[in-house]
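Below: one structure, written as structure tokens.
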Amino acid sequence: MKEEIDDYVKETFPKVKDDDWGSYGLSKASMHTYTAYLAQTYPNLKINAVSPGFIDTAMTKGFGATLTPEQGTFSIRHCLFNDLSGNGWYYGSDAIRSPLHYMRNPGEPAFEGYKWEY
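Using our numbering, the first residue of the sequence shown is number 353, and each one after it goes up by one.
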């Protein structure tokens, strides 16, 4: 599966228009797919992906980001220090399981799809 992910990215990246954040979306989707692959390959380890949220940094200046860098560690700390009920998942900035195919905002219910377990 690793080779399939690599091949897809190599084939798709040259076609992506960066002016619509396409390369960002491709890299994020690829990273999450690779996370799921690693969780399946190494089931003894907890391997998950997190979103820090829209953090107010020099890179996001002028785009309306409001979270502090400290607030951006919430989902990371959750995955590091709490017992997780699954593996290979994606956690939103509020440390709640989130989907990859649409935006789940903080405060909305946890995503319950993708019933795979590794």
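Heads up, the beta-carbon is just placed ideally off N, CA and C, and yes, glycines get one too.
Cα-Cα separation between residue i and residue j, rounded to whole angstroms
{"i": "Ser486", "j": "Phe426", "result": "Not covered by the structure: residue 486. The range shown for the chain is 353 to 470."}
{"i": "His430", "j": "Pro404", "result": "11 Å"}
{"i": "Tyr386", "j": "Glu356", "result": "10 Å"}
{"i": "Pro421", "j": "Arg456", "result": "20 Å"}
{"i": "Gly459", "j": "Gly424", "result": "16 Å"}
{"i": "Lys367", "j": "Ser375", "result": "9 Å"}
{"i": "Arg449", "j": "Ala462", "result": "5 Å"}
{"i": "Tyr454", "j": "Asp408", "result": "22 Å"}
{"i": "Ala447", "j": "Phe415", "result": "23 Å"}
{"i": "Trp373", "j": "Asp359", "result": "21 Å"}
Own chain, CB closer than 7 Å to residue i, minus 5 neighbours either side, in chain order
{"i": "Lys398", "result": "Leu436 and Asn439"}
{"i": "Tyr389", "result": "Met353, Lys354 and Ile357"}
{"i": "Thr412", "result": "Phe406"}
Whether residue i touches residue j by CB criterion (8 Å)
{"i": "Ala417", "j": "Phe406", "result": "yes"}
{"i": "Leu452", "j": "Tyr443", "result": "no"}
{"i": "Ala410", "j": "His384", "result": "no"}
{"i": "Leu378", "j": "Thr393", "result": "no"}
Residue range of the unbroken alpha helix (DSSP H) whose run includes residue i
{"i": "Val361", "result": "Lys354 to Thr364"}
{"i": "Glu385", "result": "Sequence check: residue 385 is Thr here, not Glu. Segment Gly374 to Thr393, the alpha helix (DSSP H) holding Thr385."}
{"i": "Leu397", "result": "No alpha helix (DSSP H) contains Leu397, which DSSP labels as neither H nor E."}
{"i": "His453", "result": "Segment: none, His453 is in no alpha helix (DSSP H) and carries neither H nor E."}
Close Cβ partners of residue i (< 6 Å) along its chain, the five nearest in sequence each way excluded
{"i": "Val361", "result": "Ser382"}
{"i": "Glu469", "result": "Caution applies to Glu469, whose pLDDT of 49 falls short of 50 and renders its modelled position unreliable; the value that the coordinates give is listed next. Closer than 6 Å at Cβ, skipping near neighbours: no residue."}
Neighbourhood of residue i by C-beta distance below 8 Å, restricted to the same chain and skipping five residues each side
{"i": "Leu419", "result": "Pro404, Gly405, Phe406, Ile407, Asp408 and Ser445"}
{"i": "Ile428", "result": "Val402 and Pro404"}
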